[in-house]
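In the numbering used here, the protein residues as written are 1 to 165.
Glycine included, each C-beta is placed from N, C-alpha and C at the ideal position.
These figures come from a predicted structure and were not determined experimentally.
Working notes, structure below.
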């Protein structure tokens, strides 16, 4: 925490509330560590790097929404240059994770599709984790879910406001 009170003054909060806030922050850290571990485990299971995995997640989500996805769209989503996106696409295709197809509306353009075997692997690893998280959130009451949403909104807003000097 901030024992000298340089960044945070908690003198107005009862000790049990400070302890509860600290417990929430520690739980968040624990979840972040677990999430990182689960993500690394899924990448190892699928034999992919972080950027490759992010690209596949994006392609799978776009496919579910019926959006034909071009290499340029993947590049923009991941913040990659065209050259880096080409290398990524080549690597994923060579690994049997994606295939290139002609765009359904403009045959001069290329769309990317996740292969069925990679989609099945993603369902087995990432999909199972998402389903477990969904069940955990669904078990909350509507009021508790509303509180969690307010918490994440406030956390996001505070992060946006906190700019380093």
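Checklist entry - The beta strand (DSSP E) spanning residue 113 covers which residue range? => result 110–114 is the span of the beta strand (DSSP E), which, as asked, contains residue 113.
Next on the checklist: Counting C-beta neighbours from all protein chains within 10 Å, is the total for residue 3 16 or more, i.e. buried, or is it exposed?
Outcome noted: By the neighbour-count rule (16 or more Cβ atoms within 10 Å), residue 3 is not buried but exposed.
Next on the checklist: Using a Cβ-Cβ distance cut-off of 8 Å, determine whether residue 142 contacts chain C.
Outcome noted: Of the protein chains in this structure there is only one, and it is not chain C.
Item to check | Within 8 Å, strictly: CB atoms of residue 45 and residue 121 | outcome: yes
Checklist entry - Using the beta-carbon count (16 or more within 10 Å), is residue 168 buried or exposed? => result No answer is possible for residue 168: the residues shown for the chain start at 1 and end at 165.
Next on the checklist: In the DSSP output, what is residue 98 paired with across the bridge?
Outcome noted: 114
Next on the checklist: If the criterion is Cβ atoms closer than 8 Å, does the pair residue 34 and residue 55 meet it?
Outcome noted: no
Checklist entry - If you check the beta carbons only, do residue 137 and residue 145 fall under 8 Å apart? => result yes
Checklist entry - Straight-line CA distance for residue 41 to residue 26? => result 22 Å
Item to check | the region 54–73 contacting the region 101–108, beta-carbon criterion three pairs below 8 Å | outcome: yes
Checklist entry - Among the residues of its own chain, which have a CB less than 8 Å from the CB of residue 5, if the five just before and after it don't count? => result If we look at residue 5 and ignore the five residues flanking it on each side, its Cβ neighbours are 11.
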